[in-house]
Amino acid sequence: MIEIKGLTKKYGSFTALDNLNLTLHEGTVFGFVGANGAGKSTTFLIMSTLLEATSGDVIIDGVNVREKPAAVRRLIGYMPDFFGVYDQLKADEYLDFYGASYGIPVEERRKLIPQLLELVNLTHKRYSYVDLLSRGMKQRLCLARSLIHDPKVLILDEPASGLDPRARVEMRDILKTLKKMGKTILISSHILPELAEMCDEIGVIDNGRLIAHGSVPEIQAKLQGEKVITVKVPIDAVSRALSFFEEQPHVSTIEMLETGDGITFKYLGNEVSQISLLQQAVKKEIPIVSFMEHVTNLEDVFMEITKGAE
Amino acid sequence: MKLMGTNPVLFKELKLRFRSFKSFNGMLFFLLAMCVFVFGYIFMTVTVSGTSYFRPSESFVLFAFLSYIQLGLVLFTAPGLTAGTISSEREKQTLPILLTTSQSSFQIISGKLLSSVAFLLFLILAGMPVYSLVFLFGGISPWDFIRIFLFLFVILLAFGSIGVMFSTLIRKTVVSMIATYGTMLFLSVVTGFLFIITMQMKMMNQTGTVVTPSYIGHFLASINPGVLFASFLSPGVRGMVEEMTKVDFPIWIGFLLFYGVITIIAILIAVKKLRVNTKRQK
Ligand SMILES: Nc1ncnc2c1ncn2[C@@H]1O[C@H](COP(=O)(O)OP(=O)(O)OP(=O)(O)O)[C@@H](O)[C@H]1O
Ligand SMILES: [Mg+2]
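Have a look at this one:
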C-alpha cells in the first residue's frame, strides 16, 4: 500500500531525512515516533505532496507521489501538526468547502457532512463558527475534513497534541473506528505509549533515520535482552552491594541510585542466572531490602532507542 | 475554465467577502462619497453660473472626474484585495490543507483572483447609477462610457493578477503588499515621469533637424493608465503623444497588449509556483 524507498530530504547541508525505507500494508495503523526534529513532519509533508524530496520515492497505492501528485491527493487525507481555520465560516460550511474542493457533488456533501460531524462528535457544533471552536474541537473537525473524500490513507501529524486527556481518549476512539473501516493510517507522535494502544506497527525515527520498525511487542522485545535491575539496600551497605554486584557475570553499567539507598544495573543474563545472582547476594549477607526487575515500558524503549539524539 | 459553480475557492471567498461587514461599510462609504461629489458638483455649477441648468460640457468634466476616481479606486484597491490572497492563507496555516485537496493550482489561483475581481467589479457597478446620472445630462456618448468600463476591467484584472502573483511568490503579506503597490505606482506614476524625461532628452539630442520616432517614449505613454484615460477623455491627448513620440500607433492597443501579456504571465507564474514542483530532474 505504502512504499517509501530511500527517501532523503536535505535542507542545504542539513539532512532532515536520511535514506528512509518503509513498507506498509493496506489497513495497517502505523505509529511514527521520534523526538522533536527527528523528521516525522518532513516525511509526512513529502507524502502529502507538499514538500519536494531530495531523492528517493514514495509510492502510495501504486501511485508515485513525485510523478502523479494530483492522483495522490485523492488517495490521502492529511492533517498537519499545525493548521488554521478560516474565520467567518461555520463548521458545516467548512466541511462543505473542502468537500467541494474534492469535487464531491452538492447532494452527496449534504448527506456526508452530518455523518462526519457525528463521527467526530461535533454534531452540536454544526452551526458554530469554526474559529470559535476549542482547540480539541478544531482538531476533530480537521480530522473530519481529512475524511471527506473517503481517502484510503490517512496521514495524521500529531493529531492528539495539545489535547486534554479526555480529548485524547476520544481521538483514540475515533481512530479505532477508522481502523475498523479499513483505512491505512499513519500517526506521528512523540509519546510512544499513546500510540502503542492503537497501532499495529511502530516505527522509530531518529535524526532522519528509521532506527526501528516492527509490531509493538517486537519493538519492546528489541530492548528486552537488556534488563535493568534495581536493588535496594540500607545506605550503609551500598558500597558493599556495589562491589559485589560489579563482579557478577552479565552485569554492566552499574550505578548507585540517586537516593543513595541502592544500586541499579543492566543485566544480560537469563532467568536461571538471575536466580543464582540473588541467591549469591543473600549468601554473601548483603542486606537486600528489595530486588526488582525494571519492566521496560515503551517510554523507556523510546528513551533508550533515541539516546544518541542531539 | 471552471467558473463559479465548480470553483469552490471562488464561491467561498465571495461568500465570506459579502458576509463581512467591513466590505459592506467600505462599499457604502464609497457610494456615499460619490453621491456627495456628483450632487455637490451639480449644485455648485448651477449656483455659481446662476442658471438652473447643467451644460453638457460641465457634465463632461464631471464624467472625466468620475472616471479618474474609478481608476483610482481600481488602482488602489486591486492590489490590496489580491496581494494577501495566498500569503495570508500561508500565514493563517490554511494553505497546506488547501493544497492537498484535489483542486488544480489554476482553479485555486483563478478562484482567488476572480473573487477579488468580482468584488471590485461589484463596487464599480454599484457606482453605475451615479455615473449614469451624468450620462443623462448629455455630452457623453455611450461608447465613451463603455470604453472606460472595459479598460477599468482590464486594469483591474492585470493588477489583480500581479497581486496574486506576488502573494504566491512572497511569504509575508506585508511584503507582498509593498511589492504590488510598488509595481502599481511604478506603472501608473513612474512611467509618466519617465515618459516626460524621455521626451526631454529626445528634444535635447535632436535639435529639430532629423526627427526619429521614440518607441520607448510611446511605450511608456501607452502603459500608463492615466495617459490612456486622458486619451479617451480628450482626443487631443492622443494626437499630442503621437506628435511628441512620432509613433503612430493607438495607445489603447499598446495598453491592451502590454497588460494582456502581464496578466497572462502573472497568472502562469502564480499557478506554477503555488505548489512545490515534485517532478525533480534526475
Ligand atoms: N524549511 C526548513 N529549513 C531548514 N530546516 C528545516 C526546515 N523544515 C524542517 N527543518 C529541519 O528538519 C528537521 C526535521 O523536522 P521535522 O519537522 O520533520 O521534525 P518532527 O519529527 O516533525 O519534529 P516535531 O516532533 O518537533 O514535530 C528539524 O531539524 C528541522 O529543524
Ligand atoms: Mg512535527
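Just so you know, the protein sequences line up as chains A and B, in that order.
Residue 0 is where the first sequence starts when you use numbering that gives the first Met the number 0, and the numbers rise one by one after that.
Residue 0 is where the second sequence starts when you use numbering that gives the first Met the number 0, and the numbers rise one by one after that.
Think of the CB as a built atom: it goes at the ideal place given N, C-alpha and C, for glycine as much as any other residue.
Neighbours of A/T48 in chain B, taken as residues at a C-beta separation under 9 Å, are given in chain order as L98, T99, R274, V275 and T277. Between the segment 282 to 293 of chain A and the segment 251 to 258 of chain A there are fewer than three inter-stretch CB-CB distances shorter than 8 Å, so the stretches are not counted as touching. B/Y130 and B/D143 have their C-alpha atoms roughly 12 Å apart. In the pairwise beta carbon analysis, the segment 152 to 167 of chain B is classified as touching the segment 64 to 82 of chain B: at least three pairs are separated by under 8 Å.
Following the DSSP letters along the chain, one finds B/G238 inside the alpha helix (DSSP H) bounded by residues P234 to T244.
DSSP, read as helix, strand or coil, puts A/K231 in strand.
The shortest CA-to-CA distance from A/M197 to any of A/V215, A/R208 and A/A211 is the one to A/V215. Cα atoms of B/Y180 and B/L186: separation of roughly 10 Å, rounded to the nearest angstrom. Cβ-Cβ distances below 7 Å link A/E245 to I253 in the same chain, with the five nearest sequence neighbours on each side left out; the list follows chain order.
Think of a sphere of 8 Å around the beta carbon of A/P79: the chain B residues whose beta carbon falls inside it are Q92, P95 and I96, in chain order. Taking 7 Å as the cut-off, the beta carbon of B/A82 is found no closer than this to the beta carbon of B/S140. Distance from the CA of B/S103 to the CA of A/A70, rounded to the nearest whole angstrom, comes to 11 Å. Contact check for B/T172 against B/S115 fails: the beta carbons are separated by 7 Å or more. Counted as a single uninterrupted DSSP element, the alpha helix (DSSP H) harbouring A/Y97 occupies residues A90 to S100.
Secondary structure of B/N204 (DSSP, three-state): helix. Partner residues in the beta bridge of A/I204, as assigned by DSSP, are A/G33 and A/L209. Considering only B/L256, B/K201, B/T100 and B/F28, the residue with the shortest C-alpha distance to B/K245 is B/K201. Chain A places no beta carbon closer than 7 Å to that of B/K111, leaving this residue out of the contacts. Going by DSSP, A/K39 is part of the alpha helix (DSSP H) stretching over K39 to M46. Identification of residues in the segment 109 to 139 of chain B having a C-beta nearer than 8 Å to some C-beta of chain A yields an empty set.
Only D86, Q87, L88, E92, D95, F96, Y97, G98, A99, S100 and Y101 from the segment 86 to 101 of chain A bring a Cβ to less than 9 Å from some Cβ of chain B. Here the segment 113 to 126 of chain A does not lie against the segment 150 to 158 of chain A, with fewer than 3 beta-carbon pairs under 8 Å apart. For A/E245, the enclosing alpha helix (DSSP H) has its first and last residue at V237 to E246. Taking 7 Å as the CB threshold, A/G135 stays off the interface with chain B. A straight-line Cα-Cα distance of about 21 Å links A/R108 and A/I173.
One Cα belongs to B/Y67, the other to B/L122, and the distance between them is close to 15 Å. For A/K282, no beta strand (DSSP E) run applies; the uninterrupted alpha helix (DSSP H) run containing it begins and ends at E270 to K282, by DSSP.
Within the same chain, I186, L194, C198 and I201 come within 6 Å of A/G30 by CB-CB distance, once the 5 residues on both sides are set aside. Neighbourhood of B/P249 in chain A, by CB distance below 9 Å: empty, with the nearest CB roughly 43 Å away. If you measure from each CB to the nearest heavy atom of ligand 2, the residues under 7 Å come out as A/K39, A/S40, A/D80, A/D156, A/E157 and A/S187.
In terms of Cβ geometry, B/P95 and A/P79 form a close pair [threshold 7 Å].
In the three-state reduction of the DSSP assignment, A/T176 falls in the helix class. B/H217 is the residue among B/L273, B/H217 and B/N276 whose C-alpha sits nearest the C-alpha of B/F254.
Under the three-pair Cβ rule at 8 Å, the segment 88 to 98 of chain A does not count as touching the segment 33 to 41 of chain A. For B/L15, the C-beta contacts it makes with chain A under 9 Å involve Y85, D86, Q87 and L88, in order along the chain.
Judged by the Cβ position, B/N276 fails to qualify as a neighbour of ligand 1 at the 6 Å threshold, every heavy atom of the ligand being at least this far.
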